[in-house]
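A quick write-up on the structure given underneath.
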Amino acid sequence: MKINLTILLLFFASLKAFPQTKNNLSVLYGIGSADVNIHGVVGDFGYQSESAHTFGLSYTRYINKIFSLEADLTLLSNNIKETSIMPGNPPPLYDKIKMVTIPVLGKVTFLKYLYADAGFTFDFQTNYSSASVAPKQSGIGFQGDIGAKYTFGSITIFASPYFQYHSIVRFDKDSEFNLTNTGFKFGAGYNF
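For the sequence shown, the residue numbers in mature numbering (1 follows the signal peptide of the UniProt record, and there is no 0) are -19 to -1, 1 to 173.
Here is the structure:
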């Protein structure tokens, strides 16, 4: 009986000492700027940076203490402005690019509280019409972040600047223009 009680106590002590949390589910929000890269096209127009907002869910699967895989589902709203130097000085045109973005990232944690992640994004523009100011941005892009995180108990909070370059490989071949997002995101998640 004494041996069974000792084994049982050691088992529960090991659960407390070595938690088996391998997953994290987070809510994130980001603010930043949206710009359209026209790749040096010469003409009478240009795009100026405007605001961008991101809201989403993030799932992280920890492979070990250093490496993890992350998949997000984010809603992205970008405000852009097109200006022109045509005669008569026409007013700028404003537009929104709304997207569902699915980043799939590899994340490396270092110095316990810092991380860097990078990977591909699968982008789907949800509000494109033929009257849109910018070309359709659905395609495969790139995302990179460098950030900080802190875990207390089963809760993790994080913050990071980020960079997204959309439609490197586009689903629609009509244009070479690419939407670029830079900004800052933060969030909180539950480890389980």
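We put the beta carbon where it would ideally sit given N, CA and C, even for glycine. Since this is a predicted model, take the numbers as computed values, not measurements.
Does the distance from the C-beta atom of ILE78 to that of GLN118 stay below 8 Å?
On the sequence shown, residue 78 is found 97 positions in, with the first residue counted as 1. On the sequence shown, residue 118 is found 137 positions in, with the first residue counted as 1. Yes.
Please report the straight-line C-alpha distance between ALA52 and THR41, rounded to a whole angstrom.
Taking the first residue of the sequence shown as position 1, residue 52 is located at position 71. Taking the first residue of the sequence shown as position 1, residue 41 is located at position 60. Taking the straight line from one Cα to the other gives about 7 Å.
Other residues of its chain near THR90: CB distance less than 6 Å, five sequence neighbours each side excluded:
Along the sequence shown, read from residue 1 onward, the residue named residue 90 stands at position 109. Once the five neighbours on either side are set aside, the close Cβ partners of THR90 are ILE47 and TYR96.
Across the stretch 54 to 73 and the stretch 11 to 19, are there enough close Cβ pairs to call them in contact, namely three or more that are closer than 8 Å?
Taking a cut-off of 8 Å for Cβ pairs, the stretch 54 to 73 and the stretch 11 to 19 touch, as three or more such pairs fall below it.
Out of curiosity, what's the CA-to-CA distance linking THR132 and GLY170?
Residue numbering aside, residue 132 sits at position 151 when the sequence shown is read from its first letter. Residue numbering aside, residue 170 sits at position 189 when the sequence shown is read from its first letter. Each residue's CA atom was taken as its position, placing THR132 and GLY170 some 9 Å apart.
Nearest-angstrom Cα separation, counted from THR35 out to THR137
The residue given as residue 137 occupies position 156 in the sequence shown. The residue given as residue 35 occupies position 54 in the sequence shown. Cα to Cα, the separation comes out at about 19 Å.
Entirely within the stretch 52 to 98 and at least 4 residues each: give me those alpha helix (DSSP H) ranges in chain order.
None, since the stretch 52 to 98 contains no complete alpha helix (DSSP H) of that length.
Leaving out the 5 sequence neighbours to the left and right, which residues in its chain are closer than 7 Å to PHE152 when beta-carbon positions are compared?
By one-based count along the sequence shown, residue 152 stands at place 171. Excluding sequence neighbours, PHE152 sits near SER119 and GLY120.
Under 8 Å by Cβ, that's how I've got THR102 and GLN145 pegged, so tell me the actual separation to the nearest angstrom.
The sequence position of residue 102 within the sequence shown is 121, counting from 1. The sequence position of residue 145 within the sequence shown is 164, counting from 1. The C-beta distance from THR102 to GLN145 rounds to 6 Å, short enough to meet the 8 Å contact threshold.
Could you check where the beta strand (DSSP E) with PHE158 kicks off and where it finishes?
Here residue 158 refers to the residue found at position 177 when the sequence shown is read from its first residue. Here PHE158 belongs to no beta strand (DSSP E), and DSSP marks it neither H nor E.
CB of ASN172 within 8 Å of CB of SER135, strictly
As a position in the sequence shown, residue 172 is number 191, starting the count at 1. As a position in the sequence shown, residue 135 is number 154, starting the count at 1. Yes.
Suppose the cutoff is 6 Å on Cβ atoms and the five residues either side in sequence are ignored; what does the same chain contact list for SER32 look like?
For the purposes of this step, residue 32 is identified with residue 51 of the sequence shown, where counting begins at 1. Once the five neighbours on either side are set aside, the close Cβ partners of SER32 are ASN60.
Look up PRO116 in the DSSP assignment and say whether it is helix, strand or coil.
Taking the first residue of the sequence shown as position 1, residue 116 is located at position 135. In this structure, PRO116 counts as coil in the three-state DSSP scheme.
Helix, strand or coil for PHE167, going by three-state DSSP, please let me know.
The count along the sequence shown starts at 1 and reaches residue 167 at position 186. Residue state, collapsed to three classes: strand.
Three-state secondary structure (DSSP) of PHE173
Locating residue 173 in the sequence shown gives position 192, where the first residue counts as 1. Coil at PHE173, not helix or strand.
For TYR146, which of helix, strand or coil comes out of DSSP?
On the sequence shown, position 165 is the one that residue 146 refers to. Looking at TYR146 - three-state DSSP - the assignment turns out to be strand.
Classification of ASN45 by the beta-carbon crowding that lies within 10 angstroms, buried from 16 upward:
Indexing the sequence shown from 1 puts residue 45 at position 64. Around the CB of ASN45, fewer than 16 other CB atoms lie within 10 Å, so the residue is classed as exposed.
Can you give the Cα-Cα distance for PRO116 and THR161, rounded to whole angstroms?
In the sequence shown, residue 116 corresponds to position 135, counting from 1. In the sequence shown, residue 161 corresponds to position 180, counting from 1. The C-alpha of PRO116 lies about 13 Å from the C-alpha of THR161.
Alpha carbon to alpha carbon, how far is SER110 from GLU63? Give it in angstroms, no decimals.
As a position in the sequence shown, residue 63 is number 82, starting the count at 1. As a position in the sequence shown, residue 110 is number 129, starting the count at 1. C-alpha of GLU63 to C-alpha of SER110: approximately 16 Å in a straight line.
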